[in-house]
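Enquirer: Sending over a structure as structure tokens; questions will come in a sec.
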Amino acid sequence: MSFPWANEYKPNHPFMQWMDEKLPLPRFVYNAIGAGYPVPRNLNYFWNFGILAGFCLVLQIVTGIVLAMHYAADASVAFNSTEHIMRDVNWGWLMRYAHANGASAFFVVVYIHIFRGFYFSSYKAPREMVWLLGVVIFLLMMATAFMGYVLPWGQMSFWGAKVITGLFGAIPLVGEPIQQWLLGGYAPDNASLNRFFSLHFLLPFVILGVVILHIWALHIPGSSNPTGVEVKTESDTLPFHPYYTAKDGFGLGVFLLLYCAMLFFGPNALGHPDNYIPANPMQTPAHIVPEWYFWPFYAILRSFTSDFFFVPAKLLGVLAMFSAILMWFILPWLDKSPVRSGNYRPLFRKFFWVLVIDVLVLGYCGGAPAEEPYLMISQVAAIYYFLHFLVILPFVSSIERPEPLPFSITEAVLGHDQVAVLPATSA
Amino acid sequence: MIRIFSILAGLFFAGALAWSFVGEAVSTAQDGLPHSAERSFHEHPKELALSSDGALGTFDRQQLQRGFQVYSEVCASCHSLKYVAFRDLAALGYDADEVKAIAAKVQVPAYNTATGELKTSPGKATDHFPPVVYGGQGSPPDLSLITKARHGGASYIYSLLTGYANQPAELLKKYPDAKTPEGLHYNPYFANLNIAMPPPLTAEGQVTYSDGTKPTVDQMSKDVSAFLVWTAEPKLDKRKQTGWAVLGFLLFATVLAYLAKRNVWADQH
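Top line first, the protein sequences correspond to chains A and B.
Oh and the first sequence: position 86 is 85 in numbering that gives the first Met the number 0, straight run, nothing missing.
Oh and the second sequence: position 9 is 8 in numbering that gives the first Met the number 0, straight run, nothing missing.
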């Protein structure tokens with residue numbers, strides 16, 4: 000699609016020729032994930048995670064649709080219907096555990112995908128749109144996961160819904176009406192559960208649509224690669240099929256092994272025991288915590304314990320929590336270094352690993368009770384989180400001396416580039 | 000321009016966080032780290048080894064039957080088991096007639112279809128365990144999911160059942176206000192240390208096992224904990240069995256995928 004040397008789709012069979020004239024769907028697939036899509040030859044296994052995320056989305060949609068056939072979105076029976084699925088529906092336990100752990104697997108994969116993007120600066124031109132759409136997908140995933148967690152109507156479902164919708168209550172003046180409008184009442188109840196179910200069913204298909212745009216936008220410049228050096232000649236690339244279909248196939252196998260080990264031998268390890276207690280509006284759990292994939296952001300939310308220049312702490316927390324993700328939208332314009340890959344940016348690389356540890360610390364604190372010493376630790380960690388993206392990234396490129404880049408992808412892989420040496424001097 | 004804005008925003012958040020940090024640091028310096036009787040005296044569950052543990056573990060049906068006996072003769076007077084149906088007990092090794100007999104011994108709510116009058120009638124195999132009306136202090140939870148609904152699972156139940164004790168003198172000395180209130184019972188495994196449930200298993204021989212196992216308090220506690228693992232996760236055996244088959248297949252498929260990948264890439268290295 001993107002490079003002049005890409006193989007053109009040439010159907011041999013008369014039926015496929017007829018099909019290509021009427022509806023060039025096979026041509027589309029061929030150019031998207033077939034031999035017609037040239038891909039840098041040096042992609043490492045971190046480039047498997049896009050396909051894996053797509054796989055997780057399909058997995059969630061398929062298991063989710065089966066679950067929806069047996070689930071009842073009514074506050075009086077939702078918990079019971081979940082237990083009905085676990086006990087009486089044939090293979091219902093498998094569907095539910097696959098879906099619940101599938102959500103965790105999806106977030107693991109997507110977090111690795113995002114941090115791959117941070118390290119290799121995949122957000123930089125010409126792939127800004129790929130990045131922006133990716134952030135949209137991540138936000139939609141968070142909304143979907145949050146509403147999905149409410150559906151079993153356990154204690155954490157109920158109180159999680161109350162806390163998260165309560166965030167909107169922090170908005171001055173209109174906050175409380177917005178919160179009531181979102182919930183359809185003063186507290187989570189049947190109206191909230193029904194709309195969350197409806198939206199939880201809808202949003203995955205919205206995600207699917209944005210994923211298609213994400214991949215479309217990717218195919219215009221083509222995939223990035225670990226050197227960050229753009230493709231120059233045909234020898235820098237390999238056709239997606241069979242090379243990357245084979246590599247992704249192996250990656251998918253490894254992923255499924257880990258996911259199934261989790262699913263069959265520790266399906267509740269990542270869940271909170273309180274969600275096996277039916278929702279009880281009269282009894283607040285000792286510690287309200289969201290699912291693990293929200294913990295870093297939950298820690299940021301709770302880090303604001305004092306009002307600052309007359310801005311209430313709660314409002315600051317809400318602003319900061321949303322900013323923690325929304326600021327990724329301007330990332331392509333904050334990091335001005337012409338070098339993409341962290342492999343050639345010694346200073347950036349150090350800050351990157353500090354960020355990884357920082358987010359893990361935030362995650363740990365977000366899952367811990369809201370008390371000392373966790374609050375102070377998460378306050379320090381949250382300071383670094385914001386400084387990293389908003390202050391360090393814009394500055395680091397001006398003081399950093401990048402290491403020498405390879406001349407081309409081929410040179411990086413083979414140690415020499417006989418094909419590109421001559422023509423590329425003029426390019 | 001966008002970078003100036005971002006740096007300002009970054010400094011604003013960092014400043015607000017630093018301000019919060021100072022506030023927390025000052026109050027922590029004054030009050031110290033949070034402390035209470037619960038924090039100092041609450042204990043993590045004891046170790047409990049059950050045959051259903053681990054990736055290879057399966058239920059010990061003999062033990063589940065003993066645990067069921069403890070549940071029916073002791074726990075059932077206050078705790079319901081509403082997600083379990085009598086028919087499910089077949090998984091414990093009872094045959095159809097035994098299941099019917101067990102069900103028939105329990106009175107389940109029903110109503111007279113001719114008069115509409117409420118009454119109870121002997122349970123059928125398809126009935127679930129009936130609700131339990133409890134009038135005393137506290138609210139005994141339904142036990143169907145209890146081992147999945149508590150940190151520590153079966154070990155927690157076992158520890159709670161065997162953990163009743165007198166309040167340590169040290170606790171009362173440090174926290175005189177934390178004296179166990181009238182009607183509650185001190186138990187260091189319970190989250191707030193004071194539980195409404197009186198010690199349910201108090202004497203050896205409280206139930207009589209038909210398989211010759213000695214019914215010590217410890218044994219009865221273990222057995223009923225094992226039984227409650229089953230009520231919370233009746234598909235546990237099936238899940239692990241399926242898991243091994245799936246992992247076996249996936250391992251085979253992944254090896255094939257790896258070889259295919261090597262084969263495809265052979266000319267590119």
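For glycine and all other residues, C-beta sits at the position ideal for the given N, C-alpha and C.
All figures in this text were calculated on a predicted structure; none of them were measured in a lab.
Should Met0 of chain B go down as buried or exposed, given a rule of 16 or more other Cβ atoms within 10 Å for buried?
Expert: Taking the first residue of the second sequence as position 1, residue 0 of chain B is located at position 1. Met0 of chain B should be labelled exposed.
Enquirer: With 16 other CB atoms within 10 Å as the buried threshold, where does Pro280 of chain A fall?
Expert: As a working mapping, residue 280 of chain A is identified with position 281 in the first sequence. Per the 10 Å Cβ criterion, exposed.
Enquirer: Out of A:Glu399, A:Ile64, A:Leu404, which one is the CA nearest neighbour of His199 of chain A?
Expert: Here the question's residue 199 of chain A lines up with position 200 in the first sequence. When each option's Cα is compared against that of His199 of chain A, the closest is A:Ile64.
Enquirer: Taking a cut of 7 angstroms between CB atoms, which residues from the stretch 248-262 of chain B lie near chain A?
Expert: Listed by position along the chain: Leu249, Leu250, Ala252, Thr253, Ala256, Tyr257, Ala259, Lys260.
Enquirer: Looking only at its own chain, which residues have a Cβ that is under 8 angstroms from the Cβ of Thr201 of chain B, when we skip the five neighbours before and after it?
Expert: If you number the second sequence from 1, residue 201 of chain B lands on position 202. Same-chain partners within the cutoff: Val216.
Enquirer: By Cβ distance below 8 angstroms, which residues in the same chain neighbour Tyr110 of chain A in space, the five residues on each side in sequence not counted?
Expert: As a first step, residue 110 of chain A is located in the first sequence; it is residue number 111 there, counting from the start. Tyr292, listed in sequence order.
Enquirer: Using the C-alpha atoms, what's the distance from Trp180 of chain A back to Val173 of chain A?
Expert: The residue labelled residue 173 of chain A in the question sits at position 174 within the first sequence. The residue labelled residue 180 of chain A in the question sits at position 181 within the first sequence. The straight-line gap from Cα to Cα measures roughly 11 angstroms.
Enquirer: When the distance is taken between beta carbons, is Phe2 of chain A closer than 9 angstroms to Thr236 of chain A?
Expert: In the first sequence, the residue the question calls residue 236 of chain A occupies position 237. In the first sequence, the residue the question calls residue 2 of chain A occupies position 3. Yes; because the gap between Cβ atoms is below 9 angstroms, this pair is in contact.
Enquirer: Of the residues B:Ala256, B:Thr230, B:Ala265, B:Ala153, which one's Cα is nearest the Cα of Glu82 of chain A?
Expert: Looking up residue 82 of chain A in the first sequence gives position 83. Cα-wise, what sits closest to Glu82 of chain A is B:Thr230.
Enquirer: Hey, how far is the Cα of Met141 of chain A from the Cα of Gly147 of chain A?
Expert: Taking the first residue of the first sequence as position 1, residue 141 of chain A is located at position 142. Taking the first residue of the first sequence as position 1, residue 147 of chain A is located at position 148. For Met141 of chain A and Gly147 of chain A, the distance between alpha carbons rounds to 10 angstroms.
Enquirer: Contact defined as beta carbons within less than 8 angstroms: I believe Met375 of chain A pairs with Phe20 of chain B. What is the distance between those atoms, to the nearest angstrom?
Expert: As a position in the first sequence, residue 375 of chain A is number 376, starting the count at 1. As a position in the second sequence, residue 20 of chain B is number 21, starting the count at 1. Indeed, because the Cβ distance is near 6 angstroms, the residues count as touching under 8 angstroms.
Enquirer: When DSSP builds the beta bridges, which residues end up paired with Asn269 of chain B?
Expert: Limits of chain B in this structure are 0 at one end and 268 at the other, which puts residue 269 of chain B out of reach.
Enquirer: Within the chosen definition, does the stretch 49-58 of chain B reach the stretch 234-251 of chain B through at least 3 CB pairs nearer than 8 angstroms?
Expert: Yes, since at least three Cβ pairs between the stretch 49-58 of chain B and the stretch 234-251 of chain B fall closer than 8 angstroms, the two stretches touch.
Enquirer: Using 8 angstroms as the threshold, is the stretch 387-406 of chain A in touch with the stretch 329-338 of chain A, meaning 3 or more CB pairs across them?
Expert: Touching, per the Cβ criterion.
Enquirer: Taking Cβ positions only, does Met326 of chain A come closer than 9 angstroms to chain B?
Expert: Mapped onto the first sequence, residue 326 of chain A falls at position 327. Met326 of chain A counts as touching chain B.
Enquirer: Tell me the rounded alpha-carbon separation between Ala84 of chain B and Phe67 of chain B.
Expert: Taking the first residue of the second sequence as 1, we reach residue 84 of chain B at position 85. Taking the first residue of the second sequence as 1, we reach residue 67 of chain B at position 68. Near 13 angstroms, if we compare the C-alpha coordinates of Phe67 of chain B and Ala84 of chain B.
Enquirer: Would you call the CB atoms of Gly365 of chain A and Val288 of chain A closer than 9 angstroms?
Expert: Taking the first sequence and counting its residues from 1, one reaches residue 365 of chain A at position 366. Taking the first sequence and counting its residues from 1, one reaches residue 288 of chain A at position 289. A contact, by the Cβ cut-off of 9 angstroms.
Enquirer: List the residues of chain A that Lys239 of chain B touches, going by C-beta distances under 8 angstroms, in chain order.
Expert: Counted from its first residue, the second sequence places residue 239 of chain B at position 240. Going along chain A in sequence order, the residues near Lys239 of chain B (Cβ under 8 angstroms) are Phe263, Phe264.
Enquirer: Put His218 of chain A into one of helix, strand or coil per three-state DSSP.
Expert: Position 219 of the first sequence, counted from the start, is the residue given in the question as residue 218 of chain A. Helix, per DSSP.
Enquirer: In the structure shown, what three-state DSSP assignment does Lys118 of chain B receive?
Expert: On the second sequence, position 119 is the one that residue 118 of chain B refers to. Reduced to three states, the DSSP call for Lys118 of chain B is strand.
Enquirer: If we count the other Cβ atoms within 10 Å of its Cβ and call it buried at 16 or more, is Gly221 of chain A buried or exposed?
Expert: By 1-based counting over the first sequence, the position of residue 221 of chain A is 222. Classification of Gly221 of chain A: buried, given that the 10 Å Cβ count is 16 or more.
Enquirer: Using beta carbons (cut-off 9 angstroms, strictly below), is Asn267 of chain A in contact with chain B?
Expert: On the first sequence, position 268 is the one that residue 267 of chain A refers to. True, the Cβ-Cβ gap to chain B drops below 9 angstroms.
Enquirer: Which of the residues in the stretch 353-371 of chain A, read from start to end, lie with their CB under 7 angstroms from any CB of chain B?
Expert: Taking 7 angstroms as the Cβ-Cβ cut-off against chain B, the residues of the stretch 353-371 of chain A that qualify are Glu370, Glu371.
Enquirer: Looking only at C-alpha atoms, which of B:Asp52, B:Pro129, B:Leu255, B:Thr114 sits nearest to Asp247 of chain A?
Expert: For the purposes of this step, residue 247 of chain A is identified with residue 248 of the first sequence, where counting begins at 1. Of the candidates B:Asp52, B:Pro129, B:Leu255, B:Thr114, the one whose C-alpha sits nearest the C-alpha of Asp247 of chain A is B:Leu255.
Enquirer: Please list the partners that Thr57 of chain B has in chain A, where partner means a Cβ-to-Cβ separation under 9 angstroms.
Expert: The count along the second sequence starts at 1 and reaches residue 57 of chain B at position 58. In chain order: nothing, as chain A lies at least about 13 angstroms away.
Enquirer: Contact criterion: CB-CB distance below 9 angstroms. Does Met85 of chain A meet it with respect to chain B?
Expert: Here residue 85 of chain A refers to the residue found at position 86 when the first sequence is read from its first residue. Yes, its Cβ sits closer than 9 angstroms to a Cβ of chain B.
Enquirer: Anything in chain B within Cβ reach of Ile382 of chain A, meaning under 7 angstroms, just list it in chain order.
Expert: Within the first sequence, the letter at position 383 stands for residue 382 of chain A. Under the 7 angstroms cutoff, chain B gives Ala13, Leu16, Ala17.
Enquirer: Could you tell me which of B:Gly53, B:Leu49, B:Glu72 sits nearest to Gln61 of chain B, measuring between CA atoms?
Expert: Reading the second sequence from its first residue, position 62 is the one you call residue 61 of chain B. It is B:Leu49 whose Cα lies nearest to the Cα of Gln61 of chain B.
Enquirer: Along the alpha helix (DSSP H) that carries Gln106 of chain B, what are the first and last residues, could you check?
Expert: Taking the first residue of the second sequence as 1, we reach residue 106 of chain B at position 107. It is not in any alpha helix (DSSP H) - Gln106 of chain B instead sits in the beta strand (DSSP E) that spans 106-110.
Enquirer: May I ask you to list the residues that DSSP assigns as paired with Val310 of chain A?
Expert: If you number the first sequence from 1, residue 310 of chain A lands on position 311. DSSP output for Val310 of chain A lists A:Phe307 as bridge partner(s).
Enquirer: What does DSSP give as the partner residue(s) for Ala84 of chain B in the beta ladder?
Expert: Within the second sequence, numbered from 1, the residue matching residue 84 of chain B stands at position 85. Per DSSP, B:His127.
Enquirer: Where does Lys172 of chain B land, buried or exposed, given buried means 16+ other C-beta within 10 angstroms?
Expert: Numbered from its first residue, the second sequence carries residue 172 of chain B at position 173. Exposed: under 16 other Cβ atoms inside 10 Å.
Enquirer: Measure from the C-beta of Glu42 of chain B to each C-beta in chain A and report whether the shortest distance is under 9 angstroms.
Expert: On the second sequence, residue 42 of chain B is found 43 positions in, with the first residue counted as 1. False, the Cβ-Cβ gap to chain A never drops below 9 angstroms.
Enquirer: For a contact defined as C-beta to C-beta under 9 angstroms, what are the partners of Trp332 of chain A on chain B?
Expert: Along the first sequence, read from residue 1 onward, the residue named residue 332 of chain A stands at position 333. Ordered by position in chain B, the residues that pass the 9 angstroms Cβ test against Trp332 of chain A are Ile1, Arg2, Ser5.
Enquirer: Taking contact to mean 3 or more Cβ pairs, one atom from each stretch, closer than 8 angstroms, check whether the stretch 31-50 of chain B and the stretch 312-327 of chain A are in contact.
Expert: No, they do not touch.
Enquirer: Compare the C-beta of Gln61 of chain B against all C-beta atoms of chain A and say whether one is closer than 9 angstroms.
Expert: Walking along the second sequence from the start, residue 61 of chain B turns up at place 62. Not one chain A Cβ lies under 9 angstroms of Gln61 of chain B.
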